[in-house]
Amino acid sequence: MVQRLLFFVLTILVVKRISSLPLRLLVATPFVLLTAADMSISLYSWCTFGTAFNDGFAISVLQSDPDEVVKMLGMYIPYLCAFAFLSLLFLAVIIKYDVSLPTKKVTGILLLIVISGSLFSACQFAYKDAKNKKAFSPYILASRFATYTPFFNLNYFALAAKEHQRLLSIANTVPCFQLSVRDTGIDTYVLIVGGVCTCRQYVFVWIYTLYDTASRSTKKTDQTV
Numbered sequence: 001m002v003q004r005l006l007f008f009v010l011t012i013l014v015v016k017r018i019s020s021l022p023l024r025l026l027v028a029t030p031f032v033l034l035t036a037a038d039m040s041i042s043l044y045s046w047c048t049f050g051t052a053f054n055d056g057f058a059i060s061v062l063q064s065d066p067d068e069v070v071k072m073l074g075m076y077i078p079y080l081c082a083f084a085f086l087s088l089l090f091l092a093v094i095i096k097y098d099v100s101l102p103t104k105k106v107t108g109i110l111l112l113i114v115i116s117g118s119l120f121s122a123c124q125f126a127y128k129d130a131k132n133k134k135a136f137s138p139y140i141l142a143s144r145f146a147t148y149t150p151f152f153n154l155n156y157f158a159l160a161a162k163e164h165q166r167l168l169s170i171a172n173t174v175p176c177f178q179l180s181v182r183d184t185g186i187d188t189y190v191l192i193v194g195g196v197c198t199c200r201q202y203v204f205v206w207i208y209t210l211y212d213t214a215s216r217s218t219k220k221t222d223q224t225v
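Residue numbering for the sequence shown follows the UniProt record's numbering, starting at 1 and increasing by one per position.
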């Protein structure tokens with residue numbers, strides 16, 4: 001939580017010290033939209049389901065059909081309004097150039113330290129995961145790094161993307177099995193129970209071996225039990 005707060009505050013301070021307004025907006029807009037979206041998603045999850053956003057919700061979002069999302073927009077209006085409000089609020093904070101703030105050099109160095117520390121920690125985690133599973137996954141690295149940023153919920157989307165990729169890999173793998181036939185020495189019988197009504201005299205049971213089903217079917221009347 002502390003790292004995410006530092007990341008957020010230092011990024012705002014760095015952006016506010018960019019003298020060019022177009023450049024300031026260019027840098028600020030993606031950051032603002034991602035942060036506002038992250039907070040809005042968390043708000044939706046808590047208010048609707050009473051729980052934190054997780055990878056299960058992320059998988060559901062990734063697998064949602066666009067038409068389905070459009071039809072359900074009415075459910076998301078309060079959270080879309082929250083997203084718009086937060087985006088405008090953050091832009092209003094960032095938009096003004098403020099020379100009284102610490103210089104870009106100071107805040108930029110601090111931000112780089114925070115990012116480097118977060119990336120180092122994420123790499124350590126991904127390395128341990130790769131060592132245990134004997135395979136490196138960039139999704140794990142991205143997921144861990146996202147937990148140190150204001151876009152915390154992105155880590156669930158990274159995990160969901162990893163799971164989706166794994167399922168696609170399984171679905172696209174065509175199994176190839178070598179079939180073999182051998183005699184086990186065990187007699188196999190087929191038992192057929194049939195009837196045309198509930199009357200007992202019309203209920204038939206035919207028993208015969210598996211290998212002569214066709215020939216025996218013509219003699220079923222003689223094998224009624």
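Don't be surprised by glycine CBs; every beta carbon is placed ideally from N, CA and C.
It should be emphasised that the depicted structure is a prediction, and the values quoted were computed from it without experimental measurement.
Q.
Pairs of beta-carbons, one from the stretch 34-45 and one from the stretch 86-94, closer than 8 Å: are there three or more?
A. yes
**Q.** Nearest neighbour of G56, chosen from E163, S169 and L80 [CA to CA]
**A.** E163
Q | For A52 and Q63, the rounded distance between their alpha carbons | A | 19 Å
**Q.** Endpoints, the alpha helix (DSSP H) within which Y139 is located
**A.** P138 to A146
Q) How far does the alpha helix (DSSP H) with G185 in it reach, from first residue to last? A) Neither: G185 is in no alpha helix (DSSP H) and is coded neither H nor E.
Q | Any 3 or more C-beta pairs closer than 8 Å across the stretch 94-110 and the stretch 118-136 | A | no
(Q) Is it buried or exposed, I109, if we count other Cβ atoms within 10 angstroms and call 16 or more buried? (A) I109 should be labelled exposed.
(Q) Please return the same chain residues whose Cβ sits closer than 6 Å to the Cβ of F157, not counting the five positions on each side in sequence. (A) Counting only Cβ-Cβ distances below 6 Å, and skipping sequence neighbours, we find A58.
Q) When the Cα atoms are used, what is the spatial distance from L154 to S19? A) 30 Å
Q) With DSSP run on the structure shown, which of helix, strand or coil describes I192? A) Strand.
Q: Compute the Euclidean distance between the alpha carbons of T188 and V70, then round it to the nearest angstrom.
A: C-alpha separation (whole angstroms): 57 Å.
(Q) Check for me: the alpha helix (DSSP H) holding V61 runs from which residue to which? (A) Bounds of the alpha helix (DSSP H) holding V61 are D55 to L62.
Q: Go ahead and label Y79 buried or exposed: buried means 16 or more other beta carbons lie within 10 angstroms of its beta carbon, across all protein chains shown.
A: Buried, since its Cβ has 16 or more Cβ neighbours within 10 Å.
Q: Determine the extent of the alpha helix (DSSP H) in which T29 is found, giving its start and end residues.
A: L21 to F49
Q) Quick one: is T149 buried, meaning 16 or more other Cβ sit within 10 Å of its Cβ, or exposed? A) With 16 or more other Cβ atoms within 10 Å, it is buried.
(Q) If we require 4 or more residues per run, which alpha helix (DSSP H) segments fall completely within the stretch 54-114? (A) 55-62, 66-71 and 73-95
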